[in-house]
Amino acid sequence: MIYALAGRRIDLPNAERARFPMRNLELVRTRLRTLFEGHTHETLVCSAACGADLLALEVAGELAWRRRVILPFARERFRETSVTDRPGDWGRLYDQVLDAVQSARDLLIESTPAAKDPYAFATDRILEEAAILAAKSGESPVAVVVWEGDPRDSNDLTKEFAALARERGMEVLQVSTLE
Numbered sequence: 473m474i475y476a477l478a479g480r481r482i483d484l485p486n487a488e489r490a491r492f493p494m495r496n497l498e499l500v501r502t503r504l505r506t507l508f509e510g511h512t513h514e515t516l517v518c519s520a521a522c523g524a525d526l527l528a529l530e531v532a533g534e535l536a537w538r539r540r541v542i543l544p545f546a547r548e549r550f551r552e553t554s555v556t557d558r559p560g561d562w563g564r565l566y567d568q569v570l571d572a573v574q575s576a577r578d579l580l581i582e583s584t585p586a587a588k589d590p591y592a593f594a595t596d597r598i599l600e601e602a603a604i605l606a607a608k609s610g611e612s613p614v615a616v617v618v619w620e621g622d623p624r625d626s627n628d629l630t631k632e633f634a635a636l637a638r639e640r641g642m643e644v645l646q647v648s649t650l651e
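Numbering of the sequence shown is given in my numbering, commencing with residue 473 and proceeding in unit increments.
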């Protein structure tokens with residue numbers, strides 16, 4: 473099975489609305505483990521932002537799954553803009569996961585076209601890469617959306633990820649970040 477995953481980052485401490493509060497880390501980790509357990513020789517394709525991405529990558533690594541990571545720009549820049557800018561010790565986990573993924577030759581750093589938002593580009597590339605890997609294995613990819621289920625606005629990339637996955641004919645599973 474090939475899983476494409478996207479979801480919420482950890483909330484800022486002063487977030488007006490809870491989408492993925494720090495207090496729910498273990499809850500979401502447990503939900504991801506429950507979804508993933510029982511499957512062997514699986515592949516997870518996602519980015520590596522703090523929150524949903526890194527938790528899923530951590531769980532997949534514990535289960536000895538293949539992990540393919542898509543970044544829209546250089547590793548260090550992504551770390552600064554999408555990992556260590558939120559509460560928690562995400563930098564350490566990011567470095568551990570990316571070191572392992574890079575050693576396995578499964579880290580893809582994409583050059584974003586000038587006219588595109590890099591995060592939107594990465595969202596599309598995750599789905600595209602999952603489809604490519606699934607086609608090679610003769611399987612159908614499955615999209616996993618880790619969020620609270622309520623779009624922030626019309627430009628919500630998590631909502632967009634789910635919509636694009638459905639357009640591609642993928643099954644879309646949801647993992648809630650709230651209690």
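By construction, the Cβ of each residue, glycine as well, lies at the ideal position given by its N, Cα and C atoms.
The structure displayed is predicted, hence computed values, not measured ones.
Discussion item. When you compare the region 616-634 with the region 535-547, are there three or more beta-carbon pairs, one atom per stretch, that lie closer than 8 Å?
Written reply: no
Practice prompt. Within the same chain, show all residues whose beta-carbon is closer than 6 Å to that of residue 602, passing over the 5 residues directly before and after it, in chain order.
Written response: 474, 476, 517 and 613
Worksheet item: Within 10 angstroms of its Cβ, does residue 559 collect 16 or more other Cβ (buried), or is it exposed?
Response: Around the Cβ of residue 559, a 10 Å sphere holds fewer than 16 other Cβ atoms; the residue is exposed.
Discussion item. Taking the straight line between their C-alpha atoms, what separation do you get for residue 529 and residue 509?
Written reply: Taking the straight line from one Cα to the other gives about 13 Å.
Worksheet item: Looking at C-alpha atoms only, which residue of 544, 543, 511 and 548 is the closest neighbour of residue 675?
Response: Here the chain comprises residues numbered 473 to 651, so residue 675 is not present and cannot be evaluated.
Worksheet item: According to the Cβ coordinates, are residue 566 and residue 520 closer than 8 Å?
Response: yes
Worksheet item: Does DSSP put residue 614 in a helix, a strand or coil?
Response: strand
Item to complete: Report the three-state DSSP secondary structure of residue 520 (helix, strand or coil).
Response: coil
Worksheet item: Within 10 angstroms of its Cβ, does residue 525 collect 16 or more other Cβ (buried), or is it exposed?
Response: buried
Practice prompt. Could you tell me the boundaries of the beta strand (DSSP E) in which residue 479 lies?
Written response: 474-479
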